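Under the UniProt record's numbering, the first residue of the sequence shown is numbered 1, with each subsequent residue one higher.
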Amino acid sequence: MDETTRAAFERLLSIARSDTGQSRRVADFILAWWNAMDLGGFDIADLFAVDEAIAHDMATVFAYVAGRPAAEYPEAYRAEIEDVIRQWRPDVWAKATEAV
């Protein structure tokens with residue numbers, strides 16, 4: 001991940017780990033990349049419900065993902081993303097951890 005994308009993604013992770021309406025929307029965006037089938041998708045109309053700077057960070061990350069020749073996931077941020085899952089998808093997290 002290039003530095004511009006990394007900075008945008010880290011800002012988004014920070015927002016997703018807080019507790020606001022924008023946080024939920026950012027979490028949805030991140031979790032859709034991580035595993036949309038299990039964690040839910042991202043409603044593109046939610047871009048209208050976040051600040052412009054957040055929408056630009058989402059666009060930066062989306063453009064990065066779209067430019068990959070093969071599927072790529074932010075594995076280096078697994079712990080942070082698991083925090084987002086615990087916070088915003090507690091039912092999914094509970095099911096995943098009870099099976100372990």
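Cβ coordinates follow ideal geometry from the N, Cα and C atoms, glycine included. These numbers were taken from a predicted model, which means no experiment stands behind them.
Measure from the alpha carbon of V61 to the alpha carbon of each residue in R17, W34 and T97, then state which is nearest. W34
For S14, which three-state DSSP category applies? Three-state result, S14: helix.
Short check: CB of F29 to CB of M58, under 7 Å? In this structure, F29 places its C-beta atom within 7 Å of the C-beta atom of M58.
C-alpha distance - A49 paired with S23, whole-angstrom precision: 11 Å
Neighbourhood of L47 by C-beta distance below 6 Å, restricted to the same chain and skipping five residues each side: A55
For E72, which of helix, strand or coil comes out of DSSP? coil
Please classify residue 104 as buried or exposed, where buried requires at least 16 other C-beta atoms within 10 Å of its C-beta. There is no way to answer for residue 104, as the model of the chain reaches only from 1 to 100.
By alpha-carbon positions, which one of A36, E75 and P90 ends up nearest to E10? E75
For the alpha helix (DSSP H) holding A55, just list the boundary residues, first then last. Boundaries of the alpha helix (DSSP H) harbouring A55: E52 to A66, taken from the DSSP string.
Whose CA, out of Y64, A66 and V92, lies closest to the CA of M37? V92
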